[in-house]
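Going by the numbering used here, the first residue of the sequence shown is number 914, and it counts up by one from there.
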Amino acid sequence: MDLDRRDIKLLRLLQEDCRRSNAELAEAVGMSASALWRRVRALEEAGVIERYGAVVDPGEMGLGFEAIVHVHLTRHDPERIVEFIRAVEASVEVQECYATTGQADYHLRVLCRDLEAYNRFLEGFLFRLPAVNSAQTNVVLRTIKRNRPVSR
914 MDLDRRDIKL LRLLQEDCRR SNAELAEAVG MSASALWRRV RALEEAGVIE RYGAVVDPGE
974 MGLGFEAIVH VHLTRHDPER IVEFIRAVEA SVEVQECYAT TGQADYHLRV LCRDLEAYNR
1034 FLEGFLFRLP AVNSAQTNVV LRTIKRNRPV SR
């Protein structure tokens, strides 16, 4: 889908606050309310807008432990990889998962209540997955930048 300057502005505004009214958004991007509504629907249908949601502070939810986990697989057996991915997708602790190049096969962003809960996550979940050989943990000391609007 080709995005014009109004689409880019609309997407930035929605990412900043998706609760803005249709009329407010239309005025901000210089469109009629009905044209804006049709454009938002087109962006949703094209997959440019994946979903709407709230940004929640993990600490306020009692999740004070955050880590980046570098996962090394035993083998790259397609069945085990699918099993690993399904398990990770179902895990409430795993917030994000990336398959990357480099030394580790996958990188997970994990949120837990505390170190003890993280240890339970490792021993009771991650290390029980047949595809997992090892994992290296980097504890997040503080977050510098998070949940920023996508822009070009």
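Positions of the beta carbon are idealized from the N, C-alpha and C atoms, including for glycine. From a predicted model like this one, the values you see are computed outputs, not experimental measurements.
query	result
Nearest-angstrom Cα separation, counted from Leu-986 out to Arg-993	9 Å
Residue range of the beta strand (DSSP E) that includes Ala-980	978 to 986
C-beta atoms of Glu-996 and Leu-1035 nearer than 8 Å	no
Leu-927 to Gly-943 span [Cα, whole Å]	15 Å
One or two residues paired with Arg-1022 in a DSSP bridge	Ile-981 and Glu-1009
Ala-958 to Asp-970 span [Cα, whole Å]	This sequence places Glu at residue 958; Ala is not what is there. Cα to Cα, Glu-958 sits roughly 29 Å from Asp-970.
Option nearest Asn-1046 by Cα separation, candidates Asn-935, Arg-1022, Gln-1016 and Cys-1010	Gln-1016
Cβ-Cβ distance between Arg-952 and Asp-920 below 8 Å	yes
Thr-1050 - partner residues in DSSP beta bridges	Val-982
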